[in-house]
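Visitor:
Residue numbers (the working numbering): 150 to 998.
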């Protein structure tokens with residue numbers, strides 16, 4: 150730890166432990182004596198300069214370990230690698246084996262990954278230090294990553310000379326008014342870091358940007374920048390009313406004390422600094438940044454307190470108000486490593502941080518992890534461009550997430566007080582905004598372009614379509630529209646003399662710039678005038694709401710793309726009415742075996758439910774129910790207006806259908822019975838839905854063609870089914886065509902009956918599974934009702950390995966007997982899709998009155 154903090158000072162405080170004046174040439178003995186005095190004062194820059202002079206006189210090899218180590222800590226990786234090489238090539242007995250690890254890192258940060266890889270392999274084979282061996286294995290993975298030569302994700306630019314100087318600038322933080330705060334010495338003179346308060350201190354500066362660039366920074370007043378203390382970080386609360394920063398006291402090049410402070414105010418007026426309570430102690434605390442966990446404000450920060458994973462770790466503490474925080478909690482081994490995790494930044498559920506313990510391109514790389522409400526995801530490297538062969542830290546974003554900053558000591562960016570990699574500069578970058586455009590082409594059924602058409606574009610919400618734009622093109626058949634992200638749109642095309650047509654497109658979930666193309670092929674109108682019909686239907690919740698477009702393949706339960714508009718309708722309603730609980734039901738016609746129809750309808754209802762779960766709706770808000778053929782469809786006014794052989798007094802029972810006059814009428818009735826519906830079982834008692842009809846309605850007494858495309862043939866048993874001992878019907882993989890490259894959860898038991906339960910009783914069961922797939926299994930989250938708690942290991946389960954999920958049921962709030970679903974949502978995705986694999990467990994109980 151002691152040697153690390155020597156480097157920490159350089160990372161945080163500009164690498165400026167330098168002698169004030171050049172020394173006159175002296176004898177080797179004088180240089181050695183002066184070097185020892187400088188070492189005693191922990192002034193490593195002056196010491197290494199004197200030792201280099203002494204070494205040059207007679208090439209005393211006993212000085213090589215010190216020269217290598219001090220240059221390494223001063224981040225002169227070129228000189229460090231040179232001295233390590235001279236030392237280690239003669240070290241046949243591995244006396245300096247631990248220095249070989251640092252030699253590999255020095256080579257890597259010089260960009261010599263192939264040589265570094267060789268040194269790490271030698272080190273791994275010889276060392277007995279298990280923690281260093283683990284770090285070296287990460288370095289091997291990092292070398293392979295760096296050698297893959299992936300394309301840079303951004304092109305960062307160093308801030309102009311008004312901000313950059315020969316020393317380091319770090320901790321860039323953008324305030325809500327657009328001003329930039331950062332920490333620096335703001336000097337090009339050589340500075341000595343010592344215990345004396347007369348020396349220069351690292352201060353927080355503020356600058357603003359104009360069309361000509363960044364203005365000259367101004368330091369904050371003495372309420373924040375206090376003599377004798379080194380500031381090392383600055384950040385702000387989301388509302389801009391609190392500024393957080395670190396104050397440290399140096400012992401030469403080492404950090405002797407570091408504590409977190411805050412100031413209240415905003416803009417140009419910040420109050421006196423106050424020490425935060427609960428996060429400081431007899432350890433180093435630094436890098437504070439406000440975030441959110443479990444719906445509450447927390448403070449993320451860095452510390453070396455006891456009980457961590459090693460080095461510096463990331464912690465969080467809950468905010469109690471007025472600068473007081475709860476007990477610090479370590480973020481755990483998924484994020485923290487035996488190395489160092491530093492400089493966190495929180496943005497919209499994502500935590501960014503720098504680490505030298507995860508596989509990276511250089512020394513400290515920038516990583517990110519995403520919070521799903523219960524656990525953090527596996528950290529991922531932010532990628533080439535953000536990261537380099539050197540140290541990249543202090544990542545931050547603006548309020549929109551498209552512009553940001555970080556610091557790096559990557560070479561080639563200007564003057565430096567020592568080596569080309571000794572000091573940090575602030576870089577700014579901009580993430581390209583995702584854009585979406587729509588191109589509409591209009592043709593006749595013979596694919597001939599139709600001129601003179603009009604295209605209307607509107608956004609689709611839960612209750613209405615809001616017009617966005619209308620375009621007429623008298624000279625061509627192309628229409629171009631810019632679209633807004635995360636919106637669903639309806640397009641309607643009309644051309645004189647042709648039937649109109651419409652379609653829907655969406656930019657929801659779009660992750661890259663895209664041009665959406667939509668071609669319409671219009672049918673010519675007959676000579677007889679077509680009766681105009683209203684564009685919207687109004688449906689109330691007094692009766693089950695039919696989802697006309699839920700489409701399934703023959704004997705299949707998978708949701709098809711044609712189904713998504715209606716499911717999006719349900720999704721929007723669930724978002725609009727967060728208290729609403731619904732029953733999703735699926736029905737078949739009466740043909741086929743009763744047992745099979747029941748099973749098929751249940752699976753279809755569950756497929757629709759899983760689609761909504763994957764969009765973020767809580768499992769407790771949706772009950773999936775398959776009724777098979779048990780509930781024939783009552784005829785409503787809409788059905789009666791379309792099918793003149795029906796009246797609102799009829800129900801589509803077997804007797805009614807068998808007595809219809811023609812096979813066409815019978816098939817139309819069967820088709821209406823094969824349906825998916827939803828009804829509100831809790832929440833609002835009545836809602837009104839306006840929904841655009843996309844199909845032409847019949848104008849004669851003849852039954853319309855099979856307009857509902859759910860199933861075109863009777864529901865009968867499929868000729869082939871997946872092996873039931875491998876993939877269960879409670880898995881979304883059940884009907885995957887090619888379930889390869891995915892984990893397959895095989896449970897010994899999936900359904901449990903807890904039997905009779907008294908109100909207030911608890912029951913528990915441990916479900917055991919084996920991964921029978923050919924990919925590593927990772928559980929992202931397990932979702933169930935509030936009455937259910939789960940306990941499970943979040944570590945990946947390799948193929949052939951087993952795991953357990955403990956489910957505990959509490960009947961305290963229950964009022965009736967139920968069957969409870971427990972949905973296991975994996976990080977693994979369905980073959981060829983972006984949607985996650987979902988597995989289900991079930992338990993039921995009988996509540997005693």
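Glycine included, each C-beta is placed from N, C-alpha and C at the ideal position.
Out of curiosity, what's the CA-to-CA distance linking residue 722 and residue 765?
Guide: Approximately 13 angstroms between the Cα atoms of the pair.
Visitor: Nearest to residue 1017 by alpha carbon, out of 819, 755 and 751?
Guide: Because the chain in this structure spans residues 150 to 998, residue 1017 falls outside the shown range and cannot be described.
Visitor: Taking the C-alpha atoms as reference points, what is the distance between residue 994 and residue 933?
Guide: Approximately 15 angstroms between the Cα atoms of the pair.
Visitor: Helix, strand or coil: which one does DSSP assign to residue 931?
Guide: In the structure shown, residue 931 sits in a strand (DSSP, three-state: E or B).
Visitor: Given a cut-off of 8 angstroms, decide if residue 515 and residue 500 are closer than it, judged by their beta-carbon atoms.
Guide: No.
Visitor: What are the start and end residues of the alpha helix (DSSP H) that includes residue 195?
Guide: Segment 193 to 207, the alpha helix (DSSP H) holding residue 195.
Visitor: Can you tell me which of the three DSSP states residue 805 falls into?
Guide: Note: residue 805 maps to helix in three-state DSSP.
Visitor: With a cut-off of 8 angstroms, do at least 3 Cβ pairs link the region 957 to 964 to the region 910 to 925?
Guide: Touching, yes, given that three or more Cβ pairs across the two stretches are closer than 8 angstroms.
Visitor: Measuring only the C-alpha atoms, how far is residue 232 from residue 944?
Guide: For residue 232 and residue 944, the distance between alpha carbons rounds to 42 angstroms.
Visitor: What does DSSP give as the partner residues of residue 424 in its beta bridges?
Guide: According to DSSP, residue 424 bridges with 410.
Visitor: Please classify residue 819: does DSSP put it in a helix, a strand, or coil?
Guide: Reduced to three states, the DSSP call for residue 819 is helix.
Visitor: Relative to the alpha-carbon of residue 924, which residue among 817, 448 and 893 has its alpha-carbon at the smallest distance?
Guide: With distances taken between Cα atoms, residue 924 lies closest to 893.
Visitor: Straight-line CA distance for residue 662 to residue 624?
Guide: Looking at the two C-alpha atoms, the distance is approximately 29 angstroms.
Visitor: Pick helix, strand or coil for residue 392, following the three-state DSSP scheme.
Guide: It is a strand residue.
Visitor: Within this structure, are the beta carbons of residue 598 and residue 607 separated by less than 8 angstroms?
Guide: No, Cβ-Cβ distance for residue 598 and residue 607 is not below 8 angstroms.
Visitor: Determine whether the beta carbon atoms of residue 626 and residue 646 lie at a separation below 8 angstroms.
Guide: It is not a contact, given that the beta carbons lie outside the stated cut-off.
Visitor: Thinking just about the alpha-carbon of each residue, which of 471, 472, 482 and 470 is nearest to the one in residue 464?
Guide: Looking at the Cα atoms, 482 is the closest of the given residues.
Visitor: Give a yes or no on whether the C-beta atoms belonging to residue 466 and residue 439 are separated by under 8 angstroms.
Guide: Against a cut-off of 8 angstroms, the Cβ pair of residue 439 and residue 466 comes out as no contact.
Visitor: Using alpha carbons as the reference points, say which of 477, 249 and 928 lies closest to residue 277.
Guide: Selected option, being the one with the closest Cα: 249.
Visitor: Would you list the one or two residues that DSSP bridges to residue 467?
Guide: Bridge partners of residue 467: 447.
Visitor: Taking the straight line between their C-alpha atoms, what separation do you get for residue 811 and residue 753?
Guide: Going from the Cα of residue 811 to the Cα of residue 753 covers about 29 angstroms.
Visitor: Buried or exposed, going by whether 16 or more other CB atoms sit within 10 Å of the CB of residue 523?
Guide: Label assigned to residue 523: exposed.
Visitor: Counting along the chain, where does the alpha helix (DSSP H) carrying residue 256 start and finish?
Guide: From DSSP, the alpha helix (DSSP H) with residue 256 extends over 246 to 258.
Visitor: Taking DSSP as the reference, what is the three-state secondary structure of residue 269?
Guide: Residue state, collapsed to three classes: helix.
Visitor: Once you ignore the five residues that flank residue 416 on each side, which residues in its own chain have a CB closer than 7 angstroms to its CB?
Guide: The residues are 326.
Visitor: Buried or exposed: residue 756, going by 16 or more other Cβ atoms within 10 Å of its Cβ?
Guide: Buried is the call here.
Visitor: Could you say which of 360, 767 and 245 lies nearest to residue 214 if we only look at CA atoms?
Guide: Out of 360, 767 and 245, 245 has the C-alpha closest to the C-alpha of residue 214.
Visitor: Evaluate contact between the region 657 to 671 and the region 580 to 592, counting only Cβ atoms and requiring at least three cross-stretch pairs below 8 angstroms.
Guide: Yes: the two stretches touch, three or more of their Cβ pairs being nearer than 8 angstroms.
Visitor: Per DSSP, residue 725 is paired with what?
Guide: For residue 725, which the question treats as bridged, DSSP gives no partner whatsoever.
Visitor: Got a sec? Which residues, its chain only, sit under 8 angstroms from residue 800 by beta carbon, not counting five neighbours each side?
Guide: Excluding positions up to five away in sequence, the list reads 781, 782, 783 and 784.
Visitor: Report the three-state DSSP secondary structure of residue 226 (helix, strand or coil).
Guide: In this structure, residue 226 counts as helix in the three-state DSSP scheme.
Visitor: Name the two residues that bound the continuous alpha helix (DSSP H) containing residue 480.
Guide: No alpha helix (DSSP H) contains residue 480, which DSSP labels as neither H nor E.
Visitor: Which one or two residues does DSSP pair with residue 895 in a beta bridge?
Guide: Answer is 919.
Visitor: Residue 124: buried (16+ other C-beta within 10 angstroms of its C-beta) or exposed?
Guide: Limits of the chain in this structure are 150 at one end and 998 at the other, which puts residue 124 out of reach.
Visitor: Taking the C-alpha atoms as reference points, what is the distance between residue 306 and residue 254?
Guide: Spanning the two alpha carbons is a distance of roughly 26 angstroms.
Visitor: Using 8 angstroms as the Cβ pair cut-off and three pairs as the minimum, do the region 372 to 392 and the region 286 to 294 touch?
Guide: Short answer: they don't touch.
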